[in-house]
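Student:
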Amino acid sequence: MIKKAKEDIVTLSNTEQKYGRHIVQYPADVSMCAGCGTCEAVCGLIHDGVTSPSIKRIFLVRDTTMTEDMHKIYSCQHCVDHPCYNACRRKDSAMCLDEETGIVYVNQENCIGCRQCWKACPFEPKRIAFNLDKPRKALKCDLCRTRPEGPACVEYCQVSCIGLSDQPMPGKEEKNE
Numbered sequence: 041m042i043k044k045a046k047e048d049i050v051t052l053s054n055t056e057q058k059y060g061r062h063i064v065q066y067p068a069d070v071s072m073c074a075g076c077g078t079c080e081a082v083c084g085l086i087h088d089g090v091t092s093p094s095i096k097r098i099f100l101v102r103d104t105t106m107t108e109d110m111h112k113i114y115s116c117q118h119c120v121d122h123p124c125y126n127a128c129r130r131k132d133s134a135m136c137l138d139e140e141t142g143i144v145y146v147n148q149e150n151c152i153g154c155r156q157c158w159k160a161c162p163f164e165p166k167r168i169a170f171n172l173d174k175p176r177k178a179l180k181c182d183l184c185r186t187r188p189e190g191p192a193c194v195e196y197c198q199v200s201c202i203g204l205s206d207q208p209m210p211g212k213e214e215k216n217e
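Using our numbering, the letters of the sequence shown map in sequence onto residues 41 to 217.
#1: Who are Met223's beta bridge partners in DSSP?
#2: Taking the CB atoms as reference points, tell me whether Cys157 and Ile168 lie closer together than 9 Å.
#3: Whose C-alpha, out of Ala127, Cys76, Gly75, Gln148, is nearest the C-alpha of Ser181?
#4: For Arg176 and Cys73, I'd like the C-alpha separation in whole angstroms.
#5: Using 9 Å as the limit for Cβ to Cβ distance, is Asp132 near chain C?
#6: Counting Cβ pairs closer than 8 Å, one from the segment 124-143 and one from the segment 83-92, do we hit at least three?
#7: Count the other C-beta atoms from every protein chain shown that fall within 10 angstroms of the C-beta of Thr186, then say buried if there are 16 or more, exposed otherwise.
#8: Near Val82, what residues of its chain come up, given a Cβ to Cβ distance below 7 Å and the 5 sequence neighbours on each side ignored?
#9: How would you label Gln117, buried or exposed, when you count the other beta carbons within 10 angstroms and need 16 or more for buried?
#10: Using DSSP bridges, identify the partner residues of Asp103.
#11: Alpha carbon to alpha carbon, what distance is there between Glu189 and Ala45?
#12: Out of Lys112, Arg97, Leu137, state which residue places its alpha-carbon closest to the alpha-carbon of Thr104.
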């Protein structure tokens, strides 16, 4: 299995870099993903102590319309310019930036659910969700920033098809405005 320590999650110094360290699906051939949902489940357990379809920071999209099942995994791309962080009305209180790692994370206690972060996300599908169990609270991948072993989804993926990268996900869908 792929394992990454917290010290591997670093701020990128290249000012031309558009994406920070983020979860990606390996290889670009998405047929390797079994669609088991372990990534979603372990994320919920680590962050919230429960697994629930209404609490997601990583998104598994199951596409069974093709001859072979094709599953895509989406999570926050941790953009270097932090549009979600900059759009937040409660910046540094609800949407917070770890200056050391460059990771943007949500302090749900202070989130007012204004959805400005969601609107600012340049990706389709959006990489920010809202907790359906606690209305109006934003959720996004924080690369398990408080977990010394790094992202739990990467560690527990049964087929080792996700890892960390600072390159855009192959075939990613960024909206052009």
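Cβ coordinates follow ideal geometry from the N, Cα and C atoms, glycine included.
Tutor: Let me spell this out:
#1: Outside the shown range of the chain (41 to 217) lies residue 223, about which nothing can therefore be said.
#2: By 1-based counting over the sequence shown, the position of residue 157 is 117. By 1-based counting over the sequence shown, the position of residue 168 is 128. Yes, these two residues count as a Cβ contact at 9 Å.
#3: Stepping through the sequence shown from its first residue, residue 181 is reached at position 141. Ser is not the amino acid found at residue 181; the sequence shown has Cys there. Closest option to Cys181, Cα to Cα, is Gln148.
#4: Translated into the one-based positions of the sequence shown, residue 176 becomes position 136. Translated into the one-based positions of the sequence shown, residue 73 becomes position 33. Rounded to the nearest angstrom, the two C-alpha atoms are 31 Å apart.
#5: The chain labelled as chain C is not found in the depicted structure, where only one protein chain is given.
#6: no
#7: Position 146 of the sequence shown holds residue 186. The residue is exposed, with fewer than 16 neighbouring Cβ atoms inside 10 Å.
#8: Your numbering for residue 82 matches position 42 in the sequence shown. Cβ neighbours of Val82 beyond the five flanking positions: Ala192, Cys193, Tyr196.
#9: Against the sequence shown, residue 117 aligns to sequence position 77. Label assigned to Gln117: buried.
#10: What you label residue 103 is simply residue 63 of the sequence shown in a count that begins at 1. Paired residue(s): Met110.
#11: For this step, residue 45 is matched to residue 5 along the sequence shown. For this step, residue 189 is matched to residue 149 along the sequence shown. Per-residue confidence for Ala45 stands at a pLDDT of 35, beneath the threshold of 50, marking its modelled position as unreliable; the derived number appears in the next sentence. Cα to Cα, Ala45 sits roughly 5 Å from Glu189.
#12: As a working note, residue 104 is residue 64 in the sequence shown. Ranking Lys112, Arg97, Leu137 by Cα distance to Thr104 puts Lys112 first.
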